[in-house]
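Here is the structure we will look at, set down as structure tokens.
In the working numbering, the protein residues as written are 42 to 358.
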């Protein structure tokens with residue numbers, strides 16, 4: 042895919058291939074890998090604005106950054122405009138030049154709280170939240186779906202609302218809340234958003250390869266693409282889409298993540314997290330089912346590293 046810079050809120054983002062916020066995965070160590078392969082912008086995991094307001098330690102940890110990160114955006118979710126603004130202004134947000142408001146999460150617990158994709162059905166509140174976050178002085182991005190249900194699509198209307206309330210960039214996930222992650226994204230709905238706003242529109246949904254990214258750009262006219270699950274399976278997808286030329290190195294990626302995570306998380310969490318990550322990275326490999334069984338039985342860093350070296354006896358695979 043031919044990449045290009047994206048200007049949003051007076052600041053230029055390196056290129057238009059983004060890594061989505063992925064709960065439980067897109068921490069500072071994983072984002073560093075994605076940037077190395079060519080991602081133009083990465084997002085933190087979804088962070089609770091209330092958690093920041095209550096100064097919750099686990100919530101604050103989700104906003105830890107690496108010194109090499111120059112333009113990572115923090116994704117927040119919530120339903121109270123005042124709490125959302127306070128979260129944007131908190132000390133934990135000092136390393137982020139942009140806040141991304143989650144208005145697309147389909148998870149029942151979030152939806153029932155009136156957060157995430159529930160805000161697609163409460164436009165006055167959504168507008169107040171965006172406006173409140175904008176008053177913090179941060180650049181404001183909004184990620185949303187095409188609607189709550191297939192018969193209630195609101196893409197173009199919601200896109201205009203976001204721009205009117207002060208959003209500097211929007212990401213449209215081309216599925217409704219009731220579809221979760223199933224089926225083809227609705228290219229026409231993403232295109233409809235692009236046609237009614239002047240701010241950048243990033244297209245999200247079903248992008249697993251360079252061909253998918255090119256098709257998405259062609260069918261929607263979007264300003265860029267956001268890669269989600271494909272990044273977990275293989276972060277090298279960013280090198281493929283951006284044609285950065287950085288070679289795939291799964292073993293090196295795992296070792297780099299471990300090196301970054303250990304001082305911050307400690308051994309136990311690092312092992313648990315990297316068991317999950319490595320199980321994604323070996324997806325599709327011969328014998329991956331057996332490797333996964335052994336990985337999830339590994340209870341120490343030495344055991345995990347031993348299995349890693351068995352899977353990848355040579356460097357750079």
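Backbone N, C-alpha and C fix where the C-beta goes; we use that ideal spot for every residue, glycine too.
Checklist entry - Is the beta carbon of residue 200 sitting closer than 8 Å to the one on residue 234? => result yes
Checklist entry - Between the stretch 138-148 and the stretch 102-121, do three or more beta carbon pairs fall short of 8 Å? => result yes
Checklist entry - Cβ of residue 86 within 8 Å of Cβ of residue 100? => result no
Item to check | Straight-line Cα distance separating residue 188 from residue 162 | outcome: 8 Å
Next on the checklist: I need the boundaries of the beta strand (DSSP E) containing residue 84, first residue and last residue.
Outcome noted: 82-89
Next on the checklist: Just to confirm before moving on: does the CB-CB distance between residue 320 and residue 333 stay below 8 Å?
Outcome noted: yes
Checklist entry - Mapping DSSP to helix, strand and coil, what is residue 265? => result strand
Checklist entry - residue 257 to residue 310, Cα distance in whole Å? => result 37 Å
Checklist entry - According to the neighbour-count rule (16 or more other Cβ atoms, all chains shown, within 10 Å of its Cβ), is residue 350 buried or exposed? => result exposed
Checklist entry - Would residue 54 pass as a contact of residue 90 if the rule is Cβ separation under 8 Å? => result no
Checklist entry - Around the Cβ of residue 43, are there at least 16 other Cβ atoms within 10 angstroms (buried) or fewer (exposed)? => result exposed
Item to check | residue 194 in three-state terms, based on DSSP | outcome: strand
Checklist entry - Would residue 226 be called buried (16 or more neighbouring beta carbons within 10 Å of its own) or exposed? => result buried
Item to check | Residue interval of the beta strand (DSSP E) (run including residue 326) | outcome: Unbroken run through residue 326: none, as it is neither H nor E.
Next on the checklist: Since residue 47 and residue 265 should fall inside the 8 Å C-beta cutoff, what is the C-beta to C-beta distance between them, to a whole number of angstroms?
Outcome noted: 6 Å
Next on the checklist: By the three-class DSSP mapping on this structure, what secondary structure does residue 236 have?
Outcome noted: helix
Checklist entry - Since residue 177 contacts residue 130 with CB under 8 Å, what's their CB separation in whole angstroms? => result 5 Å
Checklist entry - Nearest-angstrom Cα distance between residue 340 and residue 306? => result 15 Å
Checklist entry - If residue 61 and residue 209 are in contact, beta carbons under 8 Å, what's the gap, nearest whole angstrom? => result That belief does not hold up - the Cβ atoms of residue 61 and residue 209 are roughly 18 Å apart, past 8 Å.
Next on the checklist: Which runs of the alpha helix (DSSP H) at least 4 residues long sit entirely within the stretch 284-317? Give them in chain order.
Outcome noted: 291-306
Next on the checklist: Which same chain residues end up closer than 7 Å to residue 197 when comparing Cβ atoms and leaving out the 5 residues on each side of it in sequence?
Outcome noted: 233, 234 and 237
Checklist entry - So residue 127 is in the alpha helix (DSSP H); what residue range does that whole segment cover? => result 122-129
Next on the checklist: So the candidates are 63, 164 and 246; which of them puts its Cα closest to the Cα of residue 216?
Outcome noted: 246
Next on the checklist: In whole angstroms, give me the CA-to-CA distance for residue 337 and residue 315.
Outcome noted: 10 Å
Item to check | Alpha-carbon spacing of residue 158 relative to residue 279, whole angstroms | outcome: 27 Å
Next on the checklist: Taking DSSP's pairing of strands, which residues face residue 52 in a bridge?
Outcome noted: 49
Checklist entry - Which word fits residue 220, buried or exposed, when buried means at least 16 other C-beta atoms lie within 10 angstroms of its C-beta? => result buried
Checklist entry - Name the DSSP bridge partner or partners of residue 182? => result 141 and 210
Item to check | Three-state secondary structure assigned by DSSP to residue 104 | outcome: coil
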